[in-house]
Each structure stands twice: as structure tokens, then as C-alpha cells.
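Input: a single structure, listed below in C-alpha cells.
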Amino acid sequence: MMQYRMLGKTGLRVSEIGFGCGNVGGLMTRDGHEEQVVAVRRALDLGINYFDTARAYGEGRSETNLGRVLEEVGKEVVLSTKVRLESDALPDIAAAAVSHAERGLARLGRDSVDLMQLHTRLVDRREAGRFGMTPDEVLGPGGVIEGFRRLRDQGRAGFFGFTGLGDVEAIDTLVDSGEFDSFQAYYNLLNPSAGQAVPQGFSALDYGRVIDRAAAKGMGVVVIRVLAAGVLSPTPESGGGTSREPLSAGSDYERDVTRAHKLAFLKDHGLESLPRAAIRFALMKPEVSTVLVGFSNNAQIDEAAACTGAGPLPETAMAALRGTWDSDFGSHRPGNAPSSRV
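My numbering puts the sequence shown at residues 253 to 594.
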């Protein structure tokens with residue numbers, strides 16, 4: 253039976269498993285309305301009530317498809333969408349945030365959503381190359397948060413969140429600001445640093461246990477990439493449920509495939525499958541509100557839902573995982589001091 257947790261201090265009660273409507277899995281970005289209706293009905297029947305989408309998923313197709321499906325099934329859910337701002341937003345960031353959000357609501361066919369999130373990568377400072385937004389551009393006068401407040405005042409968004417990707421110090425600044433009600437945390441068996449200590453020099457980006465930091469501020473925590481873009485699936489190379497887009501430094505697809513092969517020992521600890529182990533691992537952390545999973549079919553929905561209430565991983569498995577992390581997946585000897593960053 254589905255278990256529920258509170259999304260921080262929002263008062264929103266969300267299912268431990270969230271329905272990710274993004275490019276990983278890709279169910280809501282494809283054509284096939286009837287298939288989507290069947291899948292959403294199945295998720296609802298299993299108790300999943302949190303749905304997460306964004307304009308960036310299929311260039312708006314995910315929002316459009318999800319909106320149509322939810323209208324057809326006629327059930328209330330906890331709904332989140334996101335806005336991704338680019339450099340053309342810089343002349344008036346607040347207005348751009350409002351405009352992008354309103355277009356997203358129009359695609360969803362909704363007057364409002366429970367959670368409006370910033371989907372732009374965060375940077376400490378502007379550099380040439382991939383665009384990102386600085387904390388000042390998010391939090392300062394005329395910034396993203398000002399636009400989000402306008403949406404809340406208009407009854408268009410209940411709460412605010414952001415995707416915690418980019419420079420760690422910038423992520424920490426947004427967490428510490430107290431302006432956001434939730435954030436999306438990159439957290440999985442291949443890079444657990446958002447919620448677990450890792451050694452100095454860990455080859456994936458060290459998020460410095462930011463989940464703990466956010467929870468201490470009363471924020472809800474939504475886990476993303478729990479299956480590492482499909483790598484922690486039985487056949488990641490088969491496609492469909494995978495994405496090769498690197499979201500987090502040091503966690504590119506090929507490197508994560510190599511790391512995942514070194515988790516084969518988990519099958520010796522009574523775990524049903526690697527995807528279930530990954531989801532149960534994320535749910536072990538009480539500060540986590542919900543774990544987003546991208547689906548390709550109903551079988552994957554059933555497998556994810558089976559993780560709720562399944563309990564923590566065996567301590568023997570956790571001890572083996574800690575040894576793997578401490579050795580940075582075998583790149584150096586176990587026993588190195590874990591990162592002191594908290």
C-alpha cells in the first residue's frame with residue numbers, strides 16, 4: 253500500500269513514489285494518448301498522487317499530454333511544473349518567469365499548480381558556455397523569486413521549488429535563503445553525496461549532504477535521477493527508459509554504466525532488482541519527501557510502487573555500499589576520510 257510523506261512545511265501530502273513526466277522513461281512526451289491514460293490510471297490506482305512535468309520535457313508535449321490525461325481521469329493530484337529561463341530572460345527576469353509559467357499553465361489547461369519550480373542550472377558566476385543563473389538573479393530584486401511571488405499572489409502557484417543542479421555553492425545559497433519550499437535533489441546509488449558522506453576527491457560532484465541542509469530549513473525534498481538516467485535498470489542500453497544527457501558533473505552516462513557494474517554485489521543481499529534497491533535506498537532517508545521515477549510502461553509503475561513501505565536496505569548491503577563509496581567505486585583504497593563538507 254502506498255505510503256505518504258509531507259512535502260516539507262507546505263502541508264502537501266505526497267506519495268513516496270512520484271510520477272516523473274520527463275524524458276527519462278518518456279511516456280508523457282510521446283504520442284499515444286490512450287497509453288498515457290492507462291498508465292496514469294494505473295499510477296492513481298496504486299496511490300501515486302504526485303506528478304512532475306516541465307516545458308523542457310518534449311518541448312511542452314509533457315505538459316500538454318499530462319493536462320489532457322488528468323482532465324480525462326478527473327482526479328485531483330499534487331501537480332508540479334517548471335520554468336527554464338535562458339539568457340533572453342535577463343532584461344526582466346521576473347516578467348520572464350511569470351510569462352513562462354503562464355504558458356506552462358495554458359499547456360496544462362490549469363489555472364494553477366501546487367508547485368512552481370525553477371528549472372535553470374545554477375552558477376556561482378556567469379561564464380562563457382552553457383547558460384546558468386546566479387543566486388542574485390534568482391533571489392535579488394526583479395529576480396525569479398519576485399516573479400514567483402506574483403504568481404502566488406494571483407493564485408497561480410501554491411509553493412515554490414527549484415532543481416538543485418549546477419554549482420554547489422549556488423544551490424546552497426538558494427537553500428539557505430528560505431525563499432523556496434522544496435528542491436529537487438540529485439541522489440542515487442552512484443552519487444549519494446546529497447544525503448551521504450563521500451570521500452574527499454569523490455569523482456562525482458559532491459553535493460555536501462544538501463538534503464540534510466534543506467530539511468533543516470523545512471524544505472521538501474524531491475529525489476531526481478534515482479535510476480541514474482536508466483543506468484540502474486536491468487538493460488540500460490536497450491533505450492526507452494534512458495537518457496544520455498549529463499545533468500550532474502562527473503555523472504556522465506558511460507562513467508555511470510561502469511559504476512553500476514560494480515554494484516552487482518547487491519543481488520547477494522536478498523534484493524529483488526537493482527531498480528528496487530535504488531528506490532528503496534532513496535526512501536531510506538527520512539528527509540526525502542518523494543522519489544520521482546520516469547516510466548515507459550505499467551510494469552515499471554508497478555515495480556516502483558512495490559518499493560513503498562518495503563523498508564530499508566539490509567545493513568549488510570549498506571555496509572557494502574559504504575565501502576564502495578569510500579573507495580570511490582574502487583578508484584582508491586577504502587578508508588580514506590569521508591568528505592567533511594556538511
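Cβ atoms here follow ideal geometry from the backbone N, Cα and C, with glycine treated the same way.
- The DSSP-derived three-state label of V420 is helix.
- In the DSSP annotation of this structure, G270 is not part of any alpha helix (DSSP H); the continuous beta strand (DSSP E) holding it starts and ends at 269-272.
- Comparing alpha carbon positions, the residue from R293, T305, K261, S503 closest to G278 is T305.
- Here the C-alpha atom of A571 lies approximately 10 Å from the C-alpha atom of L565.
- Contact between I531 and A501 is ruled out by a C-beta separation of about 24 Å, above the 8 Å threshold.
- Assignment of beta-bridge partners to R257 by DSSP yields V266.
- Looking at the DSSP output, L526 shares a beta bridge with no other residue.
- When DSSP states are grouped into helix, strand and coil, T386 belongs to the coil group.
- At a cut-off of 3 residues, the continuous stretches assigned as beta strand (DSSP E) that sit fully inside the region 353-380 are 365-370.
- Beta bridge pairing from DSSP links F533 with no other residue.
- Cβ neighbours of N301 within its own chain (closer than 7 Å, five residues either side excluded): V266, S267, V329, V330.
- When the Cα atoms are used, E506 and G482 turn out to be separated by approximately 12 Å.
- In the assembly as shown, A380 is an exposed residue. Its beta-carbon has fewer than 16 other beta-carbons within 10 Å.
- The alpha-carbon separation between A291 and L426 amounts to approximately 35 Å.
- The beta carbons of A346 and G395 sit about 6 Å from each other, so the pair counts as a contact at 8 Å.
- In the DSSP assignment, T281 falls outside any beta strand (DSSP E) and carries neither an H nor an E.
- Distances from the CA of D283 to each of G312, F271, G260 were compared; the closest alpha carbon is that of G312.
- With a cut-off of 8 Å on Cβ pairs, the region 407-426 is in contact with the region 344-358, counting three or more such pairs.
- For G319, the enclosing alpha helix (DSSP H) starts and ends at 313-325.
- If only complete runs of 4 or more residues are kept, the region 434-504 shows the alpha helix (DSSP H) at 462-468, in order along the chain.
- At least 8 Å separates the beta-carbon of A449 from that of A437.
- Residue environment: E539 is assigned as buried (16 or more neighbouring CB atoms within 10 Å of its CB, all protein chains considered).
- In the structure shown, A409 adopts extended strand secondary structure according to DSSP, grouped into three states.
- D578 has no beta-bridge partner at all, per DSSP.
- A distance below 8 Å separates the beta carbons of L518 and L526.
- Note that the C-beta distance between L544 and V474 is below 8 Å.
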